[in-house]
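Okay, structure first, notes after.
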Amino acid sequence: MAGVFEVEVDGVEHDHGLQHHDEVNQFDVSKLSPEEKWRVEHARMHAKHKGHEAMHAEMVLILIVTLVIAQLVLVQWKQRHPKSYNLVTLFQMWVVPLYFTTKLHWWRFLTTWFIFSVITAYISFRATRKPLACTTPRLVYKWFLLLYKISYATGIAGYSVVMFTLFGINLIFRIKPEDAMDFGVSLLFYGLYYGVLGRDFAEMCADFMASTVGYYSASGMPTKHLSDNICAVCGQPILVDVSEEGIIENTYRLSCNHVFHEFCIRGWCIVGKKQMCPYCKEKVDLKRMFSNPWERPHVMYGQLLDWLRYLVAWQPVIIGLVQGINYILGLE
1 MAGVFEVEVD GVEHDHGLQH HDEVNQFDVS KLSPEEKWRV EHARMHAKHK
51 GHEAMHAEMV LILIVTLVIA QLVLVQWKQR HPKSYNLVTL FQMWVVPLYF
101 TTKLHWWRFL TTWFIFSVIT AYISFRATRK PLACTTPRLV YKWFLLLYKI
151 SYATGIAGYS VVMFTLFGIN LIFRIKPEDA MDFGVSLLFY GLYYGVLGRD
201 FAEMCADFMA STVGYYSASG MPTKHLSDNI CAVCGQPILV DVSEEGIIEN
251 TYRLSCNHVF HEFCIRGWCI VGKKQMCPYC KEKVDLKRMF SNPWERPHVM
301 YGQLLDWLRY LVAWQPVIIG LVQGINYILG LE
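Per UniProt numbering, the sequence shown starts with residue 1, numbered consecutively.
As structure tokens, then:
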């Protein structure tokens with residue numbers, strides 16, 4: 001059924017170039033173009049909030065104060081109780097987008113989220129078992145390393161599509177700018193979101209496995225001796241010498257002279273965000289370990305994901321808190 005309403009701004013009724021239906025300016029909403037609907041809604045918004053400048057200033061002040069206080073609380077929480085902070089942040093990173101995408105019926109995201117959740121839940125279950133199976137560490141790191149590379153490539157592809165659209169390259173392929181931009185932003189979101197979520201789950205699994213294997217402890221003292229031919233991440237023998245070229249993977253030696261499988265130490269440092277030796281906790285020199293300049297952006301990409309974590313996990317909570325305060329105070 002068509003809706004009919006009138007618009008009045010500053011005491012004068014505006015028709016925005018539309019046809020009069022009677023003595024007052026009334027519009028049939030169903031017959032308006034999208035641009036005309038936007039103009040009418042814009043006029044209604046101005047009329048509704050006319051004379052509320054003081055209230056709007058108060059709402060902006062509440063928003064700024066809440067953001068500052070929330071940021072201070074989160075920083076202190078992260079410094080004093082990092083484990084609980086990381087767990088709560090990980091849970092919100094996992095749940096908050098699910099709520100919004102379910103509400104908006106974004107089935108494509110929900111499908112990928114379900115597949116990711118099932119596989120990651122199985123991997124996390126394997127990583128938390130005691131005793132730890134000898135094949136579990138390599139399985140864990142291979143999955144999260146694969147996920148990391150896919151998310152990295154997806155994020156780069158999305159960013160490239162966005163930049164190509166801004167420069168008008170999409171017109172060469174006769175693709176509408178809005179379609180190209182939507183596709184690029186979607187790829188960028190998928191890459192960043194699953195990149196953040198994968199890194200956090202990988203770090204949690206790394207902590208569980210390291211404590212289970214027994215070479216790593218919170219106090220910094222190893223709980224058992226590490227043999228020269230044993231990898232301190234997965235606890236499996238090292239079959240390729242440091243000076244030899246491996247068929248599947250190489251062997252890395254850190255500055256502390258401890259050796260590791262390539263997949264294990266890469267997963268430990270890049271995917272699990274551990275920049276120290278799993279055995280003696282000596283700091284790892286990533287520039288020395290990854291001499292190839294094309295590998296260094298992966299570390300920078302990991303820092304970008306840390307910024308997104310706050311935006312996805314905590315920003316909706318803070319905005320919801322601000323809306324709750326405004327509702328209690330009767331501000332609109």
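Just so it is clear, CB atoms sit at the ideal spot from N, CA and C, and this is done for glycine as well.
Buried or exposed for residue i, please, with buried defined as at least 16 other CB atoms from any protein chain shown within 10 angstroms of its CB.
{"i": "residue 200", "result": "buried"}
{"i": "residue 89", "result": "buried"}
{"i": "residue 122", "result": "exposed"}
{"i": "residue 178", "result": "exposed"}
{"i": "residue 108", "result": "exposed"}
{"i": "residue 327", "result": "exposed"}
{"i": "residue 143", "result": "buried"}
{"i": "residue 310", "result": "exposed"}
{"i": "residue 132", "result": "buried"}
{"i": "residue 40", "result": "buried"}
{"i": "residue 312", "result": "buried"}
Less than 8 Å between the CB atoms is what I'm expecting for residue i and residue j, so what's the real figure, rounded?
{"i": "residue 198", "j": "residue 160", "result": "At roughly 21 Å, the Cβ-Cβ gap does not stay under 8 Å, so residue 198 and residue 160 are not in contact."}
{"i": "residue 238", "j": "residue 230", "result": "7 Å"}
{"i": "residue 193", "j": "residue 97", "result": "7 Å"}
{"i": "residue 331", "j": "residue 55", "result": "6 Å"}
{"i": "residue 314", "j": "residue 74", "result": "6 Å"}
To the nearest angstrom, report how far apart residue i and residue j are at their CA atoms.
{"i": "residue 126", "j": "residue 103", "result": "32 Å"}
{"i": "residue 255", "j": "residue 195", "result": "29 Å"}
{"i": "residue 175", "j": "residue 111", "result": "26 Å"}
{"i": "residue 171", "j": "residue 184", "result": "15 Å"}
{"i": "residue 181", "j": "residue 34", "result": "20 Å"}
{"i": "residue 282", "j": "residue 146", "result": "27 Å"}
{"i": "residue 325", "j": "residue 137", "result": "47 Å"}
{"i": "residue 221", "j": "residue 148", "result": "Any reading at residue 221 must be qualified, since the residue scores a pLDDT of 49, below 50, and its modelled position is unreliable; the value itself is stated next. So the alpha carbons of these two residues sit roughly 30 Å apart."}
{"i": "residue 114", "j": "residue 258", "result": "39 Å"}
{"i": "residue 266", "j": "residue 100", "result": "34 Å"}
{"i": "residue 128", "j": "residue 140", "result": "11 Å"}
{"i": "residue 116", "j": "residue 57", "result": "43 Å"}
{"i": "residue 64", "j": "residue 316", "result": "15 Å"}
{"i": "residue 203", "j": "residue 60", "result": "38 Å"}
{"i": "residue 130", "j": "residue 208", "result": "10 Å"}
{"i": "residue 276", "j": "residue 260", "result": "13 Å"}
{"i": "residue 62", "j": "residue 135", "result": "53 Å"}
{"i": "residue 240", "j": "residue 118", "result": "34 Å"}
{"i": "residue 105", "j": "residue 91", "result": "21 Å"}
{"i": "residue 236", "j": "residue 173", "result": "52 Å"}
{"i": "residue 120", "j": "residue 80", "result": "28 Å"}
{"i": "residue 86", "j": "residue 323", "result": "25 Å"}
{"i": "residue 78", "j": "residue 68", "result": "15 Å"}
{"i": "residue 250", "j": "residue 76", "result": "41 Å"}
{"i": "residue 227", "j": "residue 278", "result": "14 Å"}
What three-state label does DSSP hand residue i in the structure shown?
{"i": "residue 167", "result": "coil"}
{"i": "residue 281", "result": "coil"}
{"i": "residue 174", "result": "coil"}
{"i": "residue 237", "result": "strand"}
{"i": "residue 230", "result": "strand"}
{"i": "residue 12", "result": "Confidence at residue 12 is low in this model, with a pLDDT of 45, below 50, so its placement is unreliable and no value can be given for it."}
{"i": "residue 258", "result": "coil"}
{"i": "residue 253", "result": "strand"}
{"i": "residue 296", "result": "Caution applies to residue 296, whose pLDDT of 48 falls short of 50 and renders its modelled position unreliable; the value that the coordinates give is listed next. Helix, per DSSP."}
Would you say residue i and residue j are within 8 Å of each other, going by their C-beta atoms?
{"i": "residue 280", "j": "residue 233", "result": "no"}
{"i": "residue 321", "j": "residue 66", "result": "yes"}
{"i": "residue 205", "j": "residue 124", "result": "yes"}
{"i": "residue 168", "j": "residue 191", "result": "no"}
{"i": "residue 187", "j": "residue 165", "result": "no"}
{"i": "residue 70", "j": "residue 319", "result": "no"}
{"i": "residue 262", "j": "residue 252", "result": "yes"}
Let me check you understand the geometry: is the CB of residue i closer than 7 Å to at least one non-hydrogen atom of the ligand FAD?
{"i": "residue 57", "result": "Looking at this structure, you won't find the ligand FAD or any other ligand, since it has none at all."}
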